[in-house]
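Data first, discussion second: the structure below is written as structure tokens.
2 protein chains.
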Amino acid sequence: MPGPTIYDVAEAAGVATSTVSRAFSHPGRVSTRTRERVLAVATELGYRPSPHARALLSGRHHTVAMVVSDITNPHYFELIRGAEMRAKASEYTLVLVNAEESPRIEYDQIQRLVPAVDGFVLAASRLPDENLLQISAQRPVVLMNRELAGLPSVVLDHAQGCRQVVEHLASLGHRRLVYLAGPRNSWMAGTRWTALRSAAEELGVEATRIGPFTPRVSQGGAAADGALHSGATALVAHNDLLAIGVVQRLRQRSVRVPEDVSVVGFDDIFASSLCTPTLTTLGGAHAEVGRSAVEVLLQISNQPSRSEPATQIALPAELVIRDSTGLVRR
Amino acid sequence: MPGPTIYDVAEAAGVATSTVSRAFSHPGRVSTRTRERVLAVATELGYRPSPHARALLSGRHHTVAMVVSDITNPHYFELIRGAEMRAKASEYTLVLVNAEESPRIEYDQIQRLVPAVDGFVLAASRLPDENLLQISAQRPVVLMNRELAGLPSVVLDHAQGCRQVVEHLASLGHRRLVYLAGPRNSWMAGTRWTALRSAAEELGVEATRIGPFTPRVSQGGAAADGALHSGATALVAHNDLLAIGVVQRLRQRSVRVPEDVSVVGFDDIFASSLCTPTLTTLGGAHAEVGRSAVEVLLQISNQPSRSEPATQIALPAELVIRDSTGLVRR
DNA sequence: CAACCAGTGGCAAGGGGTTGCCATCGGTTG
DNA sequence: CAACCGATGGCAACCCCTTGCCACTGGTTG
């Protein structure tokens with residue numbers, strides 16, 4: 083089962099193992115004749131170099147680990163897809179870990195993988211800042227949908243995005259919005275709230291917050307009830323899943339969307355364009371976030387110097403206006 | 083950056099490297115005193131054993147690769163989730179590869195990973211049988227949503243499931259159904275058609291097939307038009323994505339669902355319960371498929387003997403009846 | 001007290017590949 | 001023809017960890 087090794091090839095080709103190694107790794111270092119013979123023998127034997135053995139010496143594993151805080155959220159799908167594509171393009175292997183919304187699992191898994199990967203891309207990490215900094219001292223780290231001074235990151239531009247949301251709602255006449263917040267240790271939740279509030283203030287909209295809620299459909303009931311109680315006419319949910327749950331609960335309570343209240347989500351997941359009413363949501367090129375994050379990681383992990391400042395990328399967010407937002411009821 | 087090694091620990095603890103190794107791998111082999119000292123020094127230094135170096139000797143990488151034929155299909159999400167959970171439970175690392183519906187990419191990626199993983203779980207592999215057999219000669223393989231004599235597999239019970247679909251449609255009075263087939267090299271597509279046809283025949287329903295279609299929403303237009311042309315009153319789409327696209331196109335053409343035609347999908351993806359009309363679909367415990375597949379893989383890859391026959395698991399499928407199917411129009 | 005033994009720890013080889021350094025070889029140059 | 005040179009291939013050490021085997025220790029047994 084364990085395939086042929088460099089030794090088998092060397093013997094069959096009548097050369098030293100070093101020659102076989104070089105035929106693969108430094109093609110210019112051996113003569114054309116020898117190289118071709120070695121390669122012919124290698125393919126005949128079905129030889130494939132072992133990445134592990136290679137990594138042992140070089141320390142480069144050609145592997146990146148992607149950690150997502152909750153794999154059940156379809157939003158991460160896009161991130162994963164983008165990350166996988168970028169990794170594959172550079173012949174890197176992508177390891178996938180689900181942190182199940184648990185900082186402990188996230189940390190443990192990362193530590194387990196430290197000796198085996200070249201770096202980490204962390205999607206919406208739930209870890210406290212100090213943990214992130216500590217990890218980044220062990221291996222290169224790129225954050226997705228989170229920012230932290232000193233660490234490279236790729237996010238959708240939440241400030242500009244939240245402003246779009248508030249502008250949209252204000253233009254429909256809404257004067258009171260409520261943010262249905264995400265998990266307490268979600269950086270996004272804090273940032274969105276800050277951005278929403280400052281945009282709201284600027285535009286003369288009153289903004290309040292309730293929560294935190296785990297961003298699942300099942301939490302929509304509690305969020306909707308709380309939101310109605312707040313008296314706001316515009317509900318901004320932490321993400322589309324929560325928004326969908328909210329809409330379901332509102333319907334159950336005979337509150338019409340968007341006639342009675344407007345609902346906005348985040349992420350623009352696939353289902354948002356299909357549910358009833360279709361969901362107004364802040365989307366963006368999520369796969370591109372995943373792609374970029376891996377790209378940045380590969381770049382810094384292939385640089386000898388770790389000197390230059392961390393690149394922080396903010397991709398534009400796009401407000402997708404659908405049927406869940408409408409003119410405020412007079 | 084490359085963390086401390088066993089040598090650093092050995093030196094700091096004043097023992098030989100073999101003792102450090104044993105303190106981790108064979109705790110009973112060293113005295114309690116020594117072990118505790120070693121472990122203390124190790125944690126202090128932040129030592130973590132390198133899985134690669136370990137794998138080099140043992141040949142066991144504690145890693146499984148999961149290959150999905152198309153990561154953009156939300157259905158695979160569930161499989162991935164189940165697989166990841168099961169792998170994590172055994173402290174295995176999960177490598178994720180997207181084959182992008184290309185047999186060539188699938189094959190190349192698998193070959194690239196052969197020396198680095200303990201085995202493969204292949205989700206809806208698009209590879210021809212002979213390739214699968216060849217790969218399984220190199221490493222243990224478990225198929226998901228595909229069966230092949232001699233290879234272990236985990237599937238939803240398509241025969242029984244398709245029968246449920248046809249029974250449901252027949253009970254609503256449908257006498258003509260059309261199967262909107264999936265990709266040519268999809269085992270599922272062939273199997274579903276066979277199962278649908280035989281159930282249809284048995285129940286006195288006329289079944290035809292059109293396609294193949296790539297199972298994406300965007301292909302729904304072509305599928306819907308072809309289906310209408312066939313004159314069938316019941317449309318069975320290869321999966322939910324295609325079904326959703328079909329429904330959209332039907333609405334565009336002012337064909338009412340389910341009043342004029344009924345539509346059934348497969349997979350019961352999240353969006354199926356949200357679209358309008360909600361989609362009748364053949365679902366099942368998909369995460370469980372992923373979980374089981376990894377479980378079987380771990381089991382056979384930890385067995386010295388490769389003798390016993392391949393375990394082929396068929397989990398029950400469940401027809402989820404929603405609003406897209408109704409009584410046939412008289 | 002000798003013989004024996006279980007419990008521990010160390011030595012060194014090995015697993016698959018890479019690479020610095022040296023030796024060889026055929027060919028150039030003067 | 002001698003001196004020299006670039007191209008090429010081999011030797012052996014090294015990456016990090018595991019493990020078979022041996023050596024030593026202190027205690028038990030007869």
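First to last, the protein sequences are chains A and B. If you're matching positions, the first sequence starts at 83 in our numbering and goes up one per residue. If you're matching positions, the second sequence starts at 83 in our numbering and goes up one per residue. Glycine included, each C-beta is placed from N, C-alpha and C at the ideal position. These numbers come from a predicted model, not from an experiment.
Proximity below 8 Å, CB of residue i to CB of residue j
i, j, result
"His256 (chain B)", "Val378 (chain B)", "no"
"Ala163 (chain B)", "Ile153 (chain A)", "According to the sequence displayed, residue 163 (chain B) carries Arg and not Ala. Yes, these two residues count as a Cβ contact at 8 Å."
"Leu251 (chain B)", "Ser344 (chain B)", "yes"
"His74 (chain B)", "Ala399 (chain B)", "Any answer about residue 74 (chain B) is impossible in this case: the structure gives chain B only from 83 up to 412."
"Val260 (chain A)", "Thr290 (chain A)", "yes"
"Leu195 (chain A)", "Thr175 (chain B)", "yes"
"Glu166 (chain B)", "Leu178 (chain A)", "yes"
"Gly327 (chain A)", "Val299 (chain A)", "yes"
"Thr114 (chain B)", "Val97 (chain B)", "no"
"Ala271 (chain A)", "His134 (chain B)", "no"
"Ala281 (chain B)", "Val248 (chain B)", "yes"
"Trp269 (chain B)", "Arg221 (chain B)", "no"
"Ile382 (chain A)", "Pro234 (chain A)", "yes"
"Val371 (chain A)", "Leu139 (chain A)", "no"
"Val363 (chain A)", "Asp322 (chain A)", "With the sequence shown as reference, residue 363 (chain A) is identified as Thr, and Val is not the correct amino acid for it. Taking 8 Å as the Cβ cut-off, Thr363 (chain A) and Asp322 (chain A) qualify as a contacting pair."
"Val120 (chain A)", "Ala105 (chain A)", "yes"
"Asn267 (chain A)", "Arg186 (chain A)", "no"
"Asp307 (chain B)", "Arg331 (chain B)", "yes"
"Ala206 (chain A)", "Val376 (chain A)", "no"
"Leu254 (chain B)", "Gly408 (chain B)", "yes"
"His144 (chain A)", "Glu173 (chain A)", "yes"
"Arg258 (chain B)", "Thr315 (chain B)", "yes"
Among the options, nearest to residue i - alpha-carbon criterion
i, options, result
"Val237 (chain A)", "A:Glu188, A:Glu249, A:Val224, A:Val248", "A:Val224"
"Asn213 (chain B)", "B:Pro197, B:Gln191, B:Asp200, B:Val199", "B:Gln191"
"Gly264 (chain A)", "A:Ala325, A:Arg333, A:Glu283", "A:Ala325"
"Asp350 (chain B)", "B:His144, B:Asn155, B:Gly128", "B:Asn155"
"Val287 (chain B)", "B:Gly293, B:Pro294, B:Arg279", "B:Arg279"
"Gln394 (chain A)", "A:Ser406, A:Ser268, A:Leu230, A:Pro210", "A:Leu230"
"Val149 (chain A)", "A:Ala305, A:Ser132, A:Phe202", "A:Phe202"
"Val337 (chain B)", "B:Gly313, B:Gln242, B:Ser383, B:Phe348", "B:Gly313"
"Ala304 (chain B)", "B:Glu284, B:Thr315, B:Arg335", "B:Arg335"
"Gln301 (chain A)", "A:Ala316, A:Glu283, A:His320, A:Leu285", "A:His320"
"Glu283 (chain B)", "B:Ala316, B:Ala396, B:Arg245, B:Arg130", "B:Arg245"
"Ala95 (chain A)", "A:Gln193, A:Glu188, A:Leu127, A:Val146", "A:Leu127"
"Leu401 (chain B)", "B:Leu380, B:Phe159, B:Asn180, B:Leu361", "B:Leu361"
"Gly243 (chain A)", "A:Ser100, A:Glu93, A:Leu397", "A:Leu397"
Where the beta strand (DSSP E) containing residue i begins and where it ends
i, result
"Thr290 (chain B)", "288-292"
"Val203 (chain A)", "201-205"
"Met148 (chain B)", "145-150"
Terminal residues of the alpha helix (DSSP H) in which residue i lies
i, result
"Glu182 (chain A)", "Run containing Glu182 (chain A): none; DSSP gives neither H nor E here."
"Leu397 (chain B)", "That residue, Leu397 (chain B), is in no alpha helix (DSSP H); its beta strand (DSSP E) goes 394-397."
"Tyr158 (chain A)", "156-171"
"Ile403 (chain A)", "Looking at the DSSP string, Ile403 (chain A) is not in any alpha helix (DSSP H), and its letter there is neither H nor E."
"Tyr89 (chain A)", "88-95"
Closer than 7 Å: residue i CB and nearest the ligand MN heavy atom
i, result
"Leu121 (chain A)", "Absence of the ligand MN from the depicted structure is noted, as is the absence of any ligand whatsoever, leaving it without description."
Checklist line | Members of the stretch 84-108 of chain A that neighbour chain B once the beta carbon cut-off is set at 9 Å | finding: Within the stretch 84-108 of chain A, the residues whose Cβ lies closer than 9 Å to some Cβ of chain B are Pro84, Gly85, listed in chain order.
Notebook entry, point to check: Mind pulling the alpha helix (DSSP H) runs of 4 or more residues that sit fully within the stretch 97-137 of chain A?
Noted result: Runs of the alpha helix (DSSP H) lying entirely within the stretch 97-137 of chain A and spanning at least 4 residues, in chain order: 99-107, 114-127.
Check: In chain order, which continuous runs of the beta strand (DSSP E) of length 3 or greater are located wholly inside the stretch 304-386 of chain A?
Finding: Whole beta strand (DSSP E) segments, 3+ residues: 316-319, 344-348, 362-366.
Check: What residues from the stretch 116-133 of chain A come within 9 Å of chain B, judged by C-beta to C-beta, listed N to C?
Finding: If the cut-off is 9 Å between Cβ atoms, the stretch 116-133 of chain A has Gly128, Arg130, Pro131, Ser132, Pro133 near chain B.
Checklist line | Continuous alpha helix (DSSP H) assignments of at least 4 residues falling wholly in the stretch 210-289 of chain A | finding: Runs found: 211-220, 240-253, 269-284.
Next item on the list: Pull out every residue of the stretch 171-182 of chain A whose Cβ sits closer than 9 Å to any Cβ of chain B, in chain order.
Entry: Correct list: Glu173, Thr175, Leu176, Val177, Leu178, Val179, Asn180, Glu182.
Note to self: At a CB distance below 8 Å, what residues from the stretch 192-212 of chain B approach chain A? Give them in sequence order.
What the structure shows: Here the close residues are Gln193, Arg194, Leu195, Val196, Pro197, Ala198.
Next item on the list: Using a Cβ-Cβ cut-off of less than 7 Å, give me the residues of the stretch 148-160 of chain A that come near chain B, in sequence order.
Entry: Listed by position, the residues of the stretch 148-160 of chain A near chain B (Cβ gap below 7 Å) are Ile153, Thr154, Pro156, Phe159.
Next item on the list: Mind checking the stretch 315-343 of chain A against chain B and listing, in chain order, the residues whose C-beta falls within less than 8 Å of any C-beta there?
Entry: Cβ contacts with chain B: Ile326.
Margin query: Short of 7 Å Cβ to Cβ, which residues in the stretch 353-375 of chain A face chain B?
Written below: Listed by position along the chain: Ala353, Leu356, Cys357, Thr358.
Item checked: Interface residues of the stretch 214-244 of chain A facing chain B [CB-CB below 9 Å] -> Flagged, chain order: Ala219, Gln220, Arg221, Pro222.
Item checked: Near-chain B residues of the stretch 378-402 of chain A - C-beta to any C-beta below 7 Å -> Answer set for the stretch 378-402 of chain A: empty.
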